[in-house]
Amino acid sequence: MTLDLSEGLEGIRRNLGNPDYHGSRFLVTGGAGFLGTWLCSFLVKQGADVLCLDNLSSGLRENVSHLEENPRFSFILHDISEPIHFRQNIDYVFHLASRASPLEFDKFPLEIIRANTLGTMHALDIATEHGARLLFTSTSEVYGNAGIFPTPETYHGNVHTLGIRGCYDESKRLGEALCLAYLREKGTDVRIARIFNTYGPLMRADGVYGRVIPRFISQALNGEPMTIFGDGSQTRSFCYVTDQVEGLLRLLYSDSAKGEAVNIGNDKELAILSLAELIRSATGSSSGFNFEPLPEDDPVRRWPDISKATRLLQWRPKVNIETGIASMIQKG
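Numbering (the working numbering), first residue to last: 2 to 333.
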């Protein structure tokens with residue numbers, strides 16, 4: 002059964018001032034994933050033509066099944082790390098395609114590197130050929146185990162290139178470098194979103210795809226021990242998906258953001274143990290905590306400085322963690 006996203010999509014529309022995308026064609030790589038599905042759904046709802054490209058390595062076809070009867074939506078089963086050409090004109094490219102769960106980094110390192118390097122080059126080639134504007138979804142992982150908090154875009158990072166996370170961190174850093182190389186050499190209109198932890202309906206809780214919030218909710222609702230890596234003192238900053246989608250769209254459409262990297266995330270820092278306690282309370286669960294060894298190179302803190310997004314995009318997150326978690330629990 003397809004999850005009803007209408008309430009969240011309406012909130013994005015309202016915050017953006019009811020944008021009209023009729024006549025614009027978007028290519029969304031990784032469009033059947035968590036963020037991609039939200040973007041495709043919103044764009045189609047607002048009148049855009051959408052080409053959703055995904056190899057379904059971590060995305061799900063069922064995520065976009067509600068869009069497939071719409072003549073303005075097309076699903077393309079393809080791996081962006083292989084070249085692809087389009088006859089129809091493309092106006093905008095969202096390049097989201099990549100495995101992103103930390104539990105996948107040791108299982109699919111080469112696939113991750115290909116998506117963020119070869120895949121990014123192919124997405125940039127498409128944007129260049131069509132004169133399209135491209136947004137590359139980078140990550141807070143480019144900062145590695147950061148030493149400045151809140152972390153601004155000017156921080157150059159502290160990444161362990163040989164560590165288990167290196168395949169993701171370094172390939173995203175190279176993806177950013179590729180974007181700027183295409184801008185400088187070919188004039189391609191690019192901008193980079195450094196996405197911090199995002200959560201919301203459609204985020205998977207299963208297997209290697211499981212992220213901390215849906216996993217905690219699933220464990221709590223099922224009365225299972227809630228798995229915490231380390232002692233839970235490590236922090237993250239969690240951005241609700243509707244805020245994230247709004248930020249990405251504002252970044253794409255900002256004429257002042259060409260060639261810029263911008264942090265898009267919530268600026269409220271939260272310890273993982275506190276998150277677990279919050280979810281246990283919100284679900285009324287009696288689940289205990291199961292403490293497991295901390296994964297290699299797991300960052301101690303994640304806390305973005307979003308002043309650039311506020312200044313450049315007039316964007317700030319609106320949904321607090323309590324409201325976002327309550328929404329996820331309600332939607333199951």
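We put the beta carbon where it would ideally sit given N, CA and C, even for glycine.
Since we're looking at a predicted model, the values are computed, not measured.
Residue i to residue j span [Cα, whole Å]
| i | j | result |
| --- | --- | --- |
| residue 103 | residue 315 | 31 Å |
| residue 53 | residue 106 | 25 Å |
| residue 167 | residue 120 | 17 Å |
| residue 4 | residue 139 | 27 Å |
| residue 291 | residue 68 | 40 Å |
| residue 299 | residue 276 | 17 Å |
| residue 254 | residue 123 | 22 Å |
| residue 8 | residue 178 | 37 Å |
| residue 45 | residue 160 | 38 Å |
| residue 101 | residue 157 | 21 Å |
| residue 301 | residue 236 | 6 Å |
| residue 210 | residue 35 | Residue placement at residue 210 is flagged as unreliable, the pLDDT there being 49, under the threshold of 50; the coordinate-derived value follows with that caveat. For residue 210 and residue 35, the distance between alpha carbons rounds to 11 Å. |
Nearest-angstrom Cβ-Cβ length linking residue i and residue j, presumed shorter than 8 Å
| i | j | result |
| --- | --- | --- |
| residue 268 | residue 307 | 5 Å |
| residue 98 | residue 193 | Their Cβ separation, rounded to whole angstroms, is 15 Å, which puts residue 98 and residue 193 out of contact at 8 Å. |
| residue 116 | residue 141 | Not a contact, Cβ separation roughly 18 Å. |
| residue 153 | residue 304 | In fact, because the Cβ distance is near 11 Å, the residues do not count as touching under 8 Å. |
| residue 201 | residue 241 | 5 Å |
| residue 91 | residue 196 | Not quite, the Cβ-Cβ distance comes to about 22 Å (not below 8 Å), so this is no contact. |
| residue 23 | residue 60 | The pair is not a contact, with the Cβ atoms about 26 Å apart (cut-off 8 Å). |
| residue 93 | residue 133 | 6 Å |
Residues near residue i by beta carbon distance below 8 Å, same chain, minus five either side
| i | result |
| --- | --- |
| residue 218 | 206, 280, 284, 326, 329 and 330 |
| residue 184 | 190, 191, 259 and 260 |
| residue 247 | 13, 16, 17 and 316 |
Residues near residue i in its chain [Cβ-Cβ closer than 7 Å; skip 5 each side]
| i | result |
| --- | --- |
| residue 297 | 164 and 165 |
| residue 79 | 54, 56 and 85 |
Per-residue DSSP class, three states only, for residue i
| i | result |
| --- | --- |
| residue 344 | Residue 344 lies beyond the range of the chain shown here (2 to 333); nothing can be said about it. |
| residue 55 | strand |
| residue 262 | strand |
| residue 22 | coil |
| residue 141 | helix |
| residue 238 | coil |
| residue 96 | strand |
| residue 77 | strand |
Run through the segment 197-224 for me and flag every whole alpha helix (DSSP H) of 4 or more residues, listed as ranges in chain order.
-> 213-222
Curious, which full-length alpha helix (DSSP H) runs of at least 4 residues does the segment 98-131 contain?
-> 110-117 and 119-131
Enumerate, from N- to C-terminal direction, the unbroken beta strand (DSSP E) stretches of 3 or more residues contained entirely within the segment 269-299.
-> 290-293
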